[in-house]
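Student: Position in the sequence shown (first residue = 1) + 28 = my numbering. Glycine included, every Cβ here is placed at the ideal spot set by N, Cα and C. The structure is given below, and queries will be raised subsequently.
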Amino acid sequence: MPEGDTVWQAARRLHNALAGKVLTRFDLRVPRYATADLTGRTVLDVTPRGKHLLTRIEGDLTLHSHLRMDGSWKVYANGRRWTGGPTHQIRAVLGTADRAAVGYRLPVLELLRTSEEHRAVGHLGPDLLGPDWDPDRALANLLGDPARPLGEALLDQRNLAGIGNVYKSELCFLLGATPWLPLGELPEDRAAQLPALAKRLLEVNRDRPVRITTGRRDQSHFVYGRAPRPCLRCRTPIRSANQGDGSRERPTYWCPTCQSGPAPPPGTR
Numbered sequence: 029m030p031e032g033d034t035v036w037q038a039a040r041r042l043h044n045a046l047a048g049k050v051l052t053r054f055d056l057r058v059p060r061y062a063t064a065d066l067t068g069r070t071v072l073d074v075t076p077r078g079k080h081l082l083t084r085i086e087g088d089l090t091l092h093s094h095l096r097m098d099g100s101w102k103v104y105a106n107g108r109r110w111t112g113g114p115t116h117q118i119r120a121v122l123g124t125a126d127r128a129a130v131g132y133r134l135p136v137l138e139l140l141r142t143s144e145e146h147r148a149v150g151h152l153g154p155d156l157l158g159p160d161w162d163p164d165r166a167l168a169n170l171l172g173d174p175a176r177p178l179g180e181a182l183l184d185q186r187n188l189a190g191i192g193n194v195y196k197s198e199l200c201f202l203l204g205a206t207p208w209l210p211l212g213e214l215p216e217d218r219a220a221q222l223p224a225l226a227k228r229l230l231e232v233n234r235d236r237p238v239r240i241t242t243g244r245r246d247q248s249h250f251v252y253g254r255a256p257r258p259c260l261r262c263r264t265p266i267r268s269a270n271q272g273d274g275s276r277e278r279p280t281y282w283c284p285t286c287q288s289g290p291a292p293p294p295g296t297r
């Protein structure tokens with residue numbers, strides 16, 4: 029699933045391609061909006077909100093999209109071949125005089141009033157890469173359910189918006205806690221560090237083509253995707269197991285030596 033930094037990059041590409049330009053093509057390939065036609069209107073901006081994309085168009089209209097697991101937006105110069113996938117996977121085409129933004133495999137695509145964007149994103153917590161970022165509120169949201177496992181709480185976009193499965197695993201490692209540790213058992217000093225640490229990780233990666241959380245180009249992650257290779261700190265084999273977030277199980281990685289707290293027994297998936 030794309031994380032907040034990936035969505036931020038997608039929003040920037042779309043904004044640079046579309047903002048201030050008149051739509052010469054508007055094609056939403058979903059039944060509900062098959063007849064919608066906004067050609068002739070100007071795109072005002074493209075704004076990320078957590079993992080959501082808001083493409084604002086004159087006339088108080090917003091095209092709301094979410095990439096979920098494998099959705100993507102690609103931008104092509106007019107006349108270039110579209111290479112984001114087979115034609116039947118295209119869900120949206122926004123064209124201007126010189127560019128085409130093509131949305132592939134978009135599981136969420138809706139047209140709503142800009143004045144009613146809260147219907148789509150009003151439930152989100154403070155955005156780690158947004159102007160509404162509020163570390164105190166984010167921490168209060170997380171600590172509001174002290175019995176909830178740390179990893180699940182980090183993935184809950186109602187607490188803070190922008191963390192996905194990669195950052196969940198990496199943050200837990202940097203905090204020295206397993207993703208299954210109840211938040212109420214996280215030492216107070218580490219809990220206080222969490223919002224600033226999460227923001228720093230996303231901020232340093234939002235302009236990078238390859239995400240790096242270790243500061244080392246030869247080893248981009250501390251634990252994510254590294255099982256059963258040795259931990260970069262202690263050389264203990266990294267472990268992996270599935271952890272739910274309230275919607276589905278996700279592969280989770282941790283070091284059993286560097287991170288304290290409960291964890292599934294070896295061999296558990």
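Taking the alpha-carbon of residue 163 as reference, which of 120, 139 and 225 has the nearest alpha-carbon?
Tutor: By one-based count along the sequence shown, residue 163 stands at place 135. It is 225.
Student: Would you kindly work out how many angstroms separate the C-alpha atoms of residue 57 and residue 268, rounded to a whole number?
Tutor: On the sequence shown, position 29 is the one that residue 57 refers to. On the sequence shown, position 240 is the one that residue 268 refers to. Computed Cα separation, rounded: 39 Å.
Student: Going by CA-CA distance only, name the one from 50, 73, 77 and 212 that's closest to residue 65.
Tutor: Translated into the one-based positions of the sequence shown, residue 65 becomes position 37. Closest option to residue 65, Cα to Cα, is 50.
Student: Are the region 169-180 and the region 99-113 in contact at 8 Å, needing three or more beta carbon pairs?
Tutor: No, the region 169-180 does not touch the region 99-113.
Student: Quick one: Cα of residue 285 to Cα of residue 178, how far?
Tutor: Translated into the one-based positions of the sequence shown, residue 285 becomes position 257. Translated into the one-based positions of the sequence shown, residue 178 becomes position 150. Between residue 285 and residue 178, the C-alpha separation is close to 17 Å.
Student: My guess is that residue 180 and residue 123 are in contact by the Cβ rule of under 8 Å, so how many angstroms apart are they, rounded?
Tutor: Position 152 of the sequence shown holds residue 180. Position 95 of the sequence shown holds residue 123. Their Cβ separation, rounded to whole angstroms, is 41 Å, which puts residue 180 and residue 123 out of contact at 8 Å.
Student: For residue 261, I'd like the list of residues in its chain whose CB is within less than 6 Å of its CB, leaving aside the five on either flank, ordered along the chain.
Tutor: The count along the sequence shown starts at 1 and reaches residue 261 at position 233. 286.
Student: Among the candidates 130, 135, 111 and 81, whose CA atom is the shortest distance from the CA of residue 146?
Tutor: Numbered from its first residue, the sequence shown carries residue 146 at position 118. Nearest C-alpha to residue 146: 81.
Student: If you follow the alpha helix (DSSP H) that residue 179 is in, where does it begin and where does it stop?
Tutor: Residue 179 sits at position 151 when you count from the first residue of the sequence shown. From DSSP, the alpha helix (DSSP H) with residue 179 extends over 178-183.
Student: When DSSP labels each residue in this structure, what does residue 161 get in the three-state scheme?
Tutor: Numbered from 1 along the sequence shown, position 133 holds the residue referred to as residue 161. Residue 161: coil per DSSP, three-state reduction.
Student: What are the boundary residues of the alpha helix (DSSP H) that includes residue 195?
Tutor: Position 167 of the sequence shown, counted from the start, is the residue given in the question as residue 195. 193-203 is the span of the alpha helix (DSSP H), which, as asked, contains residue 195.
Student: Nearest CA to the CA of residue 210: which residue from 289, 36, 128 and 90?
Tutor: In the sequence shown, the residue the question calls residue 210 occupies position 182. Comparing Cα positions, the closest option is 289.
Student: Within the same chain, show all residues whose beta-carbon is closer than 7 Å to that of residue 234, passing over the 5 residues directly before and after it, in chain order.
Tutor: Translated into positions along the sequence shown, residue 234 becomes position 206. So the list reads 33, 36, 37 and 157, once near-sequence residues are dropped.
Student: Compare the C-alpha of residue 70 against each of 52, 63, 59 and 291 and name the closest.
Tutor: Counting from one through the sequence shown, the residue named residue 70 turns up at place 42. Per the Cα distances, 52.
Student: Determine the closest residue to residue 108 out of 91, 127 and 116, with distance taken between C-alpha atoms.
Tutor: Along the sequence shown, read from residue 1 onward, the residue named residue 108 stands at position 80. The residue with the shortest Cα to Cα distance from residue 108 is 127.
Student: Quick check on the DSSP output: the beta strand (DSSP E) that includes residue 128 runs from which residue to which?
Tutor: Sequence index remark: in the sequence shown, residue 128 carries index 100 (1-based). Here the beta strand (DSSP E) through residue 128 covers 127-132.
Student: According to DSSP, is residue 110 part of a helix, a strand, or is it coil?
Tutor: Numbered from 1 along the sequence shown, position 82 holds the residue referred to as residue 110. Of the three classes helix, strand and coil, the one that applies to residue 110 here is coil, per DSSP.
Student: How is the alpha helix (DSSP H) around residue 231 delimited, first residue to last?
Tutor: On the sequence shown, residue 231 is found 203 positions in, with the first residue counted as 1. 216-233 is the extent of the alpha helix (DSSP H) around residue 231.
Student: Which word fits residue 98, buried or exposed, when buried means at least 16 other C-beta atoms lie within 10 angstroms of its C-beta?
Tutor: Your numbering for residue 98 matches position 70 in the sequence shown. The residue in question, residue 98, is exposed, as its Cβ has fewer than 16 Cβ neighbours within 10 Å.
Student: Using the three-state DSSP reduction, which class does residue 253 fall into: helix, strand or coil?
Tutor: Looking up residue 253 in the sequence shown gives position 225. Residue 253: coil per DSSP, three-state reduction.
Student: Roughly how many angstroms lie between the CA atoms of residue 114 and residue 94, to the nearest whole one?
Tutor: Translated into the one-based positions of the sequence shown, residue 114 becomes position 86. Translated into the one-based positions of the sequence shown, residue 94 becomes position 66. Approximately 19 Å, taken between the alpha carbons.
Student: Where does residue 55 land, buried or exposed, given buried means 16+ other C-beta within 10 angstroms?
Tutor: Locating residue 55 in the sequence shown gives position 27, counting from the first residue. Buried, by the Cβ-count rule.
Student: CB-CB under 6 Å to residue 154, same chain, minus the five flanking residues each way: which ones, in chain order?
Tutor: Within the sequence shown, the letter at position 126 stands for residue 154. Closer than 6 Å at Cβ, skipping near neighbours: 160, 161, 162, 165, 166 and 188.
Student: Ends of the beta strand (DSSP E) at residue 278?
Tutor: Taking the sequence shown and counting its residues from 1, the one referred to as residue 278 is at position 250. That run of the beta strand (DSSP E) goes 277-282.
Student: With a threshold of 16 other CB atoms inside 10 Å of the CB of residue 280, please say whether the residue is buried or exposed.
Tutor: Position 252 of the sequence shown, counting from 1, holds the residue named residue 280. Result: buried.
Student: Can residue 75 and residue 120 be called in contact, C-beta distance under 8 Å?
Tutor: Position 47 of the sequence shown, counted from the first residue, corresponds to residue 75. Position 92 of the sequence shown, counted from the first residue, corresponds to residue 120. Going by C-beta atoms, residue 75 is not nearer than 8 Å to residue 120.
Student: Please classify residue 212 as buried or exposed, where buried requires at least 16 neighbouring CB atoms within 10 angstroms.
Tutor: As a working note, residue 212 is residue 184 in the sequence shown. Under this definition residue 212 is an exposed residue.
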